[in-house]
Each structure stands twice: as C-alpha cells, then as structure tokens.
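Undergrad:
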Amino acid sequence: MGEPSFLSTKQGRKIAYHRSEGQGPWVVFLGGLKSDMQGTKAVFLEEWAKQQGRAFLRFDYSGHGESSDDFTDGCIGDWAEDTAQAVAALTQGPILPVGSSMGGWQALLLARSMPERVAGLVTIAAAPDFTEDGYWAGFSDEQKQVLEEVGHVELPSDYMEPYIITKRMIEDGRKQLVLRSPLDLPFPVRFLQGTADTAVSVATAVRLLEHASGPDMQLRLVKDADHRFSDGPCLALTLEAVEEVLAAGD
C-alpha cells in the first residue's frame, strides 16, 4: 500500500491520504464512522482506478485511521471540513464521491457545499442524519441524562468495539442535517443498500430517495447484503454503479 501522505487542514488537523493521478472525474472514496481508508471497498476501487488510469483519492477523517486527533474529539462537521479541504487541495475539476455509511452523509454534505464540482454520486448504505434519527431518537431518558451530565454515552457495535457518542457529536449533527430541507442532486446518483443491513435500514434508503430531487436517481436494493457491502457481488455492483455514473457524465 505504501506510506500515506498528509494534508494539514486550516484547523491544524493532519489528514492521511493516498491519491493517484489519472483521467477525471476524480473518484473520491468517503468511508464510514470509525472506518478507515484501508477498507475493502476503498482499496478495491483504488486498484480499479489505477488499472483504468482514473484519478482517485482516499483519505482518513481526523480521529480515524492514520490521521491525527482522537475519534471522540470529532463530529460530523469536523469530518465535513476534512472532506472539503481534502477535495479542494488534492483534486482538480469534477469529482465523483463514493460514500459508505457515514461517508454517504459526507458525500451529500459535499454535494450541497460544492455542487459545481460534483459530476455524480454513489452511496453505499448511506446514513444521513443518523446522529439525530438513529442515536438521539433511540436514546432512553437515562442515556440522554448521561449524555448531558457525563458528556458521552457508549453504544455497542455489531462490527467493532463500542462507539463513544459525545454530546458534541449529537449537537453538531443537528447543524449538518440533510433530510429536513431541500436536497437537490442535479447529476446521476446511485444509492446502494443491502436488505440485511442492521446498521442502516431500507426505510432510511427509501426516505433519502424520496426526499432528494434530481434528474437521474436510482436506489438499488440487494437482498441479504449486510452493512459491510464488501463481498465479491457487492463490490461488483459498486463498481457497476460507479462506471454507470461516469458514463452518464461523458
């Protein structure tokens, strides 16, 4: 894989990244919460991009992977800053964000903040607004009290050690919501979602599809696929969606 390079943000965070030059639009992989750029989907897409001579970027948000800071220091807005600055500094021209889980929310925030750069969008088990509709909505009165008094709560995860969810993450998440106001995606969009996903529901995927507006938008449900969406057939479907969006933009 080689050693990563690092980008210093305006906020003083150091973002680890791998980029490869090639034909645009740049494919930019945006990982999930507590995931990193060494994940199966990110590396798979990078290998494809290199074979095709396609420009590609993957990176770790602050508090993730090889980037600086602790996970518990971060929030959705911080990672949106990391994403926007990585795209601005490390890519040129049109981009195609591919966002997985929380990265799907980040892709939507990116499309909202710089629509002139986005040529298309692919999400995998996108989790927009999950801090509010998932965490906060699911907290018991006791958990909400602990969050207020202690500043964080611990939540079990099906995939790794418990998540530490901070009061700052919840409060900042309310500033980043994308399903409460118009969400225009004026480019080809493919949402991918597994029906066996225990982290993001099919209902969330349908809600995103119905809420967003755009001329070329599809939701593809994959029976029995889980949240990782990383087996051979799922990777092939992801690549198919990326190639389809790229072809639609040509």
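Going letter by letter, the sequence shown gives residues 580 to 829 in my numbering. All C-beta atoms in this analysis are idealised placements derived from N, C-alpha and C, irrespective of residue type, glycine included. On a predicted model such as this, the values are computed, not experimentally measured, just so you know.
Rank VAL606, THR651, GLY581, GLN631 by C-alpha distance to the C-alpha of GLN617 and give the top, closest one.
TA: GLY581
Undergrad: Can you tell which of LEU814, LYS589, GLN797 has the C-alpha that lies nearest to the C-alpha of TRP658?
TA: LYS589
Undergrad: Quick check: what's the CA-CA separation for SER564 versus TRP684?
TA: Since the displayed the chain opens at 580 and closes at 829, residue 564 lies outside it and no answer follows.
Undergrad: When you compare each of ALA698, ARG637, LEU771 to ALA820 by their alpha carbons, which one comes out closest?
TA: LEU771
Undergrad: What residue ranges within the stretch 726-771 form continuous beta strand (DSSP E) runs of no fewer than 3 residues, ordered along the chain?
TA: 731-734, 742-745
Undergrad: Which same chain residues end up closer than 8 Å to HIS806 when comparing Cβ atoms and leaving out the 5 residues on each side of it in sequence?
TA: SER680, ALA704, ASP737, TYR738, GLY773, ASP776, THR777, ALA778, VAL779
Undergrad: By alpha-carbon positions, which one of LEU586, GLN602, LEU734 ends up nearest to ALA595?
TA: LEU586
Undergrad: Is it right to say GLY653 is buried, meaning 16 or more other beta carbons lie within 10 angstroms of its own, or is it exposed?
TA: Label assigned to GLY653: buried.
Undergrad: Can you tell me whether DSSP reads THR588 as helix, strand or coil?
TA: coil
Undergrad: With VAL666 as the anchor, note down where its alpha helix (DSSP H) starts and where it stops.
TA: 655-669
Undergrad: For GLN755, count neighbouring C-beta atoms within 10 Å of its own C-beta (all shown protein chains included) and say buried if the count is 16 or more, exposed if not.
TA: buried
Undergrad: Quick one, which of GLU789, SER584, PRO767, PRO735 has its alpha-carbon nearest ARG759's?
TA: Shortest Cα-Cα distance from ARG759 to any of GLU789, SER584, PRO767, PRO735 involves GLU789.
Undergrad: What first and last residue would you give for the alpha helix (DSSP H) that runs through MET681?
TA: 681-692
Undergrad: For GLY610 and VAL732, what's the separation of their Cα atoms in angstroms?
TA: 23 Å
Undergrad: Between PHE638, ALA665, ARG598, PRO694, which has its C-alpha nearest LEU764's C-alpha?
TA: PRO694
Undergrad: Throw me the rounded Cβ distance for the ARG637 and ALA621 pair, which I believe falls under 8 Å.
TA: In this structure ARG637 is in contact with ALA621, their Cβ atoms being roughly 5 Å apart against a cut-off of 8 Å.
Undergrad: Helix, strand or coil for ALA815 per DSSP?
TA: ALA815: helix per DSSP, three-state reduction.
Undergrad: What three-state label does DSSP hand HIS790 in the structure shown?
TA: helix
Undergrad: Contact check, GLU600 vs ALA628 under 8 Å by CB: the rounded distance?
TA: Incorrect: roughly 10 Å between the Cβ atoms, too far for contact.
Undergrad: Tell me the residue span of the alpha helix (DSSP H) that contains TRP627.
TA: 619-631
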